[in-house]
Amino acid sequence: MIISFSAKNFRSIKKRITLSFEPENSKDLESSFIVHPKGAKFRLLKIGLIFGANASGKTTILDALDFLRNLATNPLEKKSDQLDVSPFLFDKETPKENTFFSIDFFQNEKKFRYEVTFNNKAIHKEKLWFFNPNKAVVFSRETNINQQLSIIKFGSKVKISSKARNALEANTLWNNTVLGGFIKTNIEFPLLQDATSWFEDTLHPTIQPKTNLMGFIANEMEDGSIQKSSIVSILKKADFNITDIRINSKDIPLNNELLEQLPIPDTEKQKLMEKGSIIAKELLFVHSVQGHQYELSYDDESAGTKRYFAFSGLIDLMVNNRIVLPIDELEASLHPDLLKHFLLTFLMNSTESQLIATSHFREFLLERDLFRNDCIWFTERDSDGSTDLFSLADFDTTVVRDKSSIYNAYKIGKLGATPDLKDYYMEAQ
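Numbering (this note's numbering), first residue to last: 1 to 429.
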């Protein structure tokens, strides 16, 4: 589970900002909004919702989390490869400075803290701690930029053979993280295994409004990771009149023309050519109308049905697993009541997963009994064009009272994070 995430000098983020899932002491909505991780002495929020104007940096926060995940799980192959990072550009100094990420997370009944400092050429500094219960160093890494060499030091509580140490250091190129180097190294190192597993298996890539999850959900249904019955049940409760889902598979013979159109590496194309065919899957939704059943293909369904089908699968995944799921523009293609249905279904049923989402749907703030102040976040642009991030819980009682309308306060600009709009008149040409 994620405890907090910080970023500095990444795209629109200039100064250090922190998104935290550590709740206030309030017991408000405790059973639905708060998680008590096994083995931990602390509580965590299940959800973080980020509101703000367009171009204020909401998506950038999720992009930063994605970038960190890629640093940890997708190491570059060559020293000459560059990291595709963009620092804050509206400043004379920040383009020359490094980007910084820090994340606290809980994995395998242990708290970890991971920090990394880097630019487009190299990882400059990197450090991993664990708390059991006291803070202890797993490793500390610095890079000799002139020699393009990584230097790794291990904490006093860490047991690692010189052979394993040398192998890990050899696989950690100057533009790779130690976590990425570990993924490429055939050694046993439980603490690093815990950390890399969290980034690979618990933290998921961001789901964008145009992300097509059909193939992913269908595959997960077929192998039993997602229960079809759960998806159908959720869709029924959301008034979609869908009573069943069917998957038809068929072999399609391959030819060179079809193979060239596939967006996959040449090595994979060669394997498919040797096989001679590809399995195509068709997803069908069964609708019951006036006692009769009708099948519609996935492509014939509305954008909202496709989106909520995907969200229903994600709910099943979050309820039955321990994952952290970022979603950008949560309300895309969804009726407001469906958005509320999705959030409440997640909150009422999930016990070990977390949701991080951006949204423009301020009407959610109308219902004071549906959220806690500490789970609501706002982004806005400072005068220098950089992103500022703050929580509804940061406001004192002179601004936000227990009975205040958060929706009205946000709508009139009392909380910030709204566009500064001018008049509607166009200048005559």
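From the three backbone atoms N, C-alpha and C, an ideal C-beta is built for every residue, glycine too.
How about L355 and I47: are their beta carbons less than 7 Å apart?
yes
Quick one: residues in its chain with C-beta nearer than 7 Å to the C-beta of S20, no 5 flanking neighbours on either side, listed in chain order?
S4
Roughly how many angstroms separate the alpha carbons of F139 and Q148, rounded to a whole number?
19 Å
With burial defined as no fewer than 16 other Cβ atoms inside 10 Å of the residue's Cβ, what is the status of N248: buried or exposed?
By the neighbour-count rule (16 or more Cβ atoms within 10 Å), N248 is not buried but exposed.
Touch check for the segment 406-418 and the segment 337-350: three-plus C-beta pairs under 8 Å?
Not touching, per the Cβ criterion.
With a 10 Å radius around its C-beta and 16 neighbouring C-beta atoms as the bar for buried, classify I50 as buried or exposed.
buried
Hey, how far is the Cα of P253 from the Cα of K121?
44 Å
Near L338, what residues of its chain come up, given a Cβ to Cβ distance below 8 Å and the 5 sequence neighbours on each side ignored?
Contacts found: A238, G304 and Y308.
Count the other C-beta atoms from every protein chain shown that fall within 10 angstroms of the C-beta of K38, then say buried if there are 16 or more, exposed otherwise.
exposed
With a cut-off of 8 Å on the beta carbons, I'd call A40 and F106 a contact; round off their distance for me.
6 Å
Compute the beta-carbon to beta-carbon distance between L203 and V324, rounded to the nearest angstrom, for a pair I have assumed lies under 8 Å.
With 8 Å as the limit, L203 and V324 qualify as a contact, their Cβ atoms being about 5 Å apart.
By how many angstroms is the C-alpha of V85 removed from the C-alpha of S156?
33 Å
Once DSSP output is grouped into helix, strand and coil, what is the label at F431?
The structure shown does not extend to residue 431, since the chain is modelled only from 1 through 429, so no value can be given for it.
Look at the Cβ atom of I315, then the Cβ atom of A357, and state whether they are nearer than 7 Å.
When the beta-carbon positions are compared, I315 and A357 stay at least 7 Å from each other.
Buried or exposed: where does P87 fall if 16 or more other Cβ atoms within 10 Å of its Cβ makes it buried?
buried
Using the three-state DSSP reduction, which class does I217 fall into: helix, strand or coil?
DSSP places I217 in helix when its eight states are reduced to three.
At what residue ranges does the segment 112-143 contain a whole run of the alpha helix (DSSP H), taking only runs of 4 or more?
none
Hey, out of E109, P133, E97 and S102, whose CA is closest to N119's CA?
For the residues E109, P133, E97 and S102, the minimum Cα distance to N119 belongs to E97.
In this structure, does DSSP put R322 in helix, strand or coil?
coil
Could you work out which residue in K306, R246 and T267 is closest to E295 when comparing CA atoms only?
It is R246.
So, do the segment 186-204 and the segment 259-267 have three or more beta carbon pairs nearer to each other than 8 Å?
no
At the level of alpha carbons, what is the spacing between G181 and N132?
25 Å
For H292, which beta-bridge partners are listed by DSSP?
V289
Could you pull out every unbroken beta strand (DSSP E) segment of at least 3 residues lying fully inside the segment 322-404, listed in chain order?
Listed in chain order, the beta strand (DSSP E) runs fully inside the segment 322-404 are 324-327, 354-359, 376-381 and 387-391, counting runs of at least 3 residues.
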